[in-house]
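From first to last, the protein sequence lines are chains C and P. Following the working numbering, the numbering of the first sequence begins with 27 at its first residue and continues without gaps. Following the working numbering, the numbering of the second sequence begins with 8 at its first residue and continues without gaps. Glycine is no exception: its CB is placed at the ideal position from the N, C-alpha and C atoms. Given the structure is predicted, the values throughout are model-derived calculations rather than measurements.
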Amino acid sequence: MLDAALCVVQRDLLLAWRRRGDVATALLFFVIVASLFPLGIGFEPNLLRAIAPGVIWVAALLSSMLSLARLFAADHADGTLEQMLLGASPLGVIATAKAAAHWIVSGLPLALIAPLIALQYDVPAALYPVLALSLLLGTPVLSLIGAIGAALTLGVRGGGILLSLLVLPLYVPVLILGAGSVDMASAGMGGEGQLLLLAALLVGSCAFAPWAIAAALRISME
Amino acid sequence: MLEAAGLDCVRQGRVLFRALGFTLARGERLRIAGANGSGKTSLLRILCGLLSPDAGEVRWQGQKIESLREEYARHLLYLGHAPGVKDDLTPVENLEVACRLVGISFAGKILEDALAQLGVPDDVPVRKLSQGQRRRAALARLVVSEQVPLWLLDEPYAALDAQAAATVDALITAHAARGGAVIFTTHQETGAAAARVIELHA
Chain C
27 MLDAALCVVQ
37 RDLLLAWRRR
47 GDVATALLFF
57 VIVASLFPLG
67 IGFEPNLLRA
77 IAPGVIWVAA
87 LLSSMLSLAR
97 LFAADHADGT
107 LEQMLLGASP
117 LGVIATAKAA
127 AHWIVSGLPL
137 ALIAPLIALQ
147 YDVPAALYPV
157 LALSLLLGTP
167 VLSLIGAIGA
177 ALTLGVRGGG
187 ILLSLLVLPL
197 YVPVLILGAG
207 SVDMASAGMG
217 GEGQLLLLAA
227 LLVGSCAFAP
237 WAIAAALRIS
247 ME
Chain P
8 MLEAAGLDCV
18 RQGRVLFRAL
28 GFTLARGERL
38 RIAGANGSGK
48 TSLLRILCGL
58 LSPDAGEVRW
68 QGQKIESLRE
78 EYARHLLYLG
88 HAPGVKDDLT
98 PVENLEVACR
108 LVGISFAGKI
118 LEDALAQLGV
128 PDDVPVRKLS
138 QGQRRRAALA
148 RLVVSEQVPL
158 WLLDEPYAAL
168 DAQAAATVDA
178 LITAHAARGG
188 AVIFTTHQET
198 GAAAARVIEL
208 HA
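See the structure below:
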């Protein structure tokens with residue numbers, strides 16, 4: 027069972043490596059969107075510092091959305107998704123492995139380059155760890171919730187737009203807690219409360235999302 | 008070992024078949040024939056559990072397949088209409104993934120040998136192969152699935168040349184001789200001889 031999950035993660039990472047252009051596109055999108063704001067708003071350091079956490083988090087949400095539409099659609103088109111449904115391990119395990127691979131490719135890099143973006147907003151260096159940690163805890167939740175949406179909209183015409191409408195509202199708690207943790211830390215009150223709640227969200231979605239994704243996939247594959 | 012009873016299938020308001028039933032014993036080869044759109048693929052998808060029938064049930068060794076799920080999947084090889092190979096992986100990588108998903112062990116050069124038997128180069132990305140070679144890369148799963156009792160093959164002969172079709176024929180015949188069971192669909196008259204036939208008329 028674990029070998030099948032490991033196999034799916036390895037396969038998806040290998041595929042991402044062979045198509046690294048797609049991965050780079052999502053990352054560049056994040057960097058560019060986040061960099062547009064200082065250019066558009068002008069350099070008023072206090073204002074930039076105040077909006078930084080929110081802007082970086084919104085950019086992260088949008089960038090993680092970009093690759094979601096392909097999460098199951100490509101496997102559906104070439105028939106490999108059927109193989110996974112008919113595999114010897116529970117579909118929930120396979121679905122979690124798909125979401126994990128999505129996170130490694132599209133979420134983890136965001137957490138690593140976010141401090142670089144924060145530099146443009148003159149965010150104090152002391153806040154970098156909080157920002158990175160909030161993204162490390164929050165982006166896996168985005169991948170898991172997003173995978174439910176991707177599974178539900180599989181094979182639907184115009185699924186990409188529908189997927190955004192379906193998933194973005196569900197991202198709101200993650201956005202509020204993620205951006206909030208950095209805000210609280212910058213106000214000198216520490217962001218631990220929000221970070222702990224984010225961690226709780228992560229644990230909760232790890233427990234429930236796999237079954238939701240599996241159920242959605244079975245319905246979509248009918 | 009496989010039993011279908013009273014299967015109904017209605018797709019988009021069209022009745023594809025009603026009250027379809029059969030039993031399949033060890034060593035049997037069953038060919039499902041019918042024109043395009045007569046429900047051959049739907050029937051296979053029902054038999055492997057990807058699609059639920061509108062009525063009736065499928066039983067594997069006496070138990071309903073919905074209650075067996077992964078347990079049933081272990082006894083099953085399904086080769087769908089789409090070949091189930093990734094364009095960016097090489098045939099050998101594709102075959103390895105397929106084996107690991109169903110828990111087939113592959114030691115030594117089994118995978119390379121399987122691909123060689125079907126005449127597929129094993130280290131070129133599938134993207135660069137022709138349609139027929141892609142199909143063969145998918146069919147290499149048959150070679151490594153000797154231990155899997157039930158084979159469900161959707162159009163295994165599509166896009167194959169005479170030589171590859173003969174190889175597939177030999178694999179199917181050998182599997183039946185070993186005591187496995189094979190159900191396959193074709194719309195042509197080709198395919199492993201002396202098989203039982205179910206005709207679908209939509």
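Contact check for Ala125 (chain C) and Ser169 (chain C): beta-carbon distance about 5 Å, within the 8 Å limit, so the pair qualifies. Within its own chain, the residues whose Cβ lies closer than 6 Å to the Cβ of Ala240 (chain C), once the five positions on either side in sequence are excluded, are Leu117, Gly118, Ala121, listed in chain order. Residues of chain C with a Cβ closer than 8 Å to the Cβ of Ser59 (chain P) are, in chain order, Glu248. Around Asp95 (chain P), the beta-carbon contacts reaching into chain C at under 7 Å are Leu41, Arg44, Arg45. Within chain P, the residues placing a beta-carbon under 9 Å from that of Ala30 (chain C) are Arg107, Leu108, Val109, Gly110, ordered along the chain.
In the three-state scheme derived from DSSP, where H, G and I count as helix and E and B as strand, Ile174 (chain C) is classed as helix.
Within the stretch 54 to 84 of chain C, complete alpha helix (DSSP H) segments of at least 4 residues are not found at all. Among the residues facing chain P, Gly113 (chain C) is included, as its CB has a counterpart in that chain under 8 Å away. The three-state secondary structure of Leu167 (chain P), taken from DSSP, is coil. Where Ile205 (chain P) is concerned, the enclosing beta strand (DSSP E) starts and stops at 203 to 207. Apart from sequence neighbours up to five positions away, the residues of its chain that approach Ala40 (chain P) with a beta-carbon distance below 8 Å are Lys47, Thr192, Thr193, His194, Val204, Ile205, Glu206, Leu207, ordered along the chain. For Gly181 (chain C), the closest Cβ of chain P is not nearer than 8 Å. Residue ranges of uninterrupted alpha helix (DSSP H) with 4 or more members, entirely inside the stretch 68 to 98 of chain P and ordered along the chain, are 72 to 75, 77 to 80. Residues of chain P whose Cβ lies closer than 7 Å to the Cβ of Arg37 (chain C) are, in chain order, Val104.
Counting only residues of its own chain and dropping the five nearest sequence neighbours on each side, Ala147 (chain P) has a CB closer than 6 Å to the CB of Leu102, Ala121, Leu122, Leu125. Going by DSSP, Gly13 (chain P) is part of the beta strand (DSSP E) stretching over 9 to 18. Residue environment analysis places Ala80 (chain P) among the buried positions, since at least 16 neighbouring C-beta atoms fall within 10 angstroms of its C-beta. For Gly187 (chain P), the nearest beta carbon of chain C is not closer than 8 Å to its own beta carbon. Taking a contact to require three or more Cβ pairs closer than 8 Å, the stretch 134 to 143 of chain C and the stretch 161 to 178 of chain C qualify as touching. Membership of Asp130 (chain P) in any alpha helix (DSSP H) is not indicated, and neither H nor E is assigned to it by DSSP. Under DSSP, Arg66 (chain P) forms a beta bridge with P:Glu10, P:Lys71. Interface annotation for the stretch 104 to 138 of chain C against chain P: Asp104, Gly105, Thr106, Glu108, Gln109, Met110, Leu111, Leu112, Gly113, Ala114, Ser115, Pro116, criterion Cβ-Cβ distance under 7 Å.
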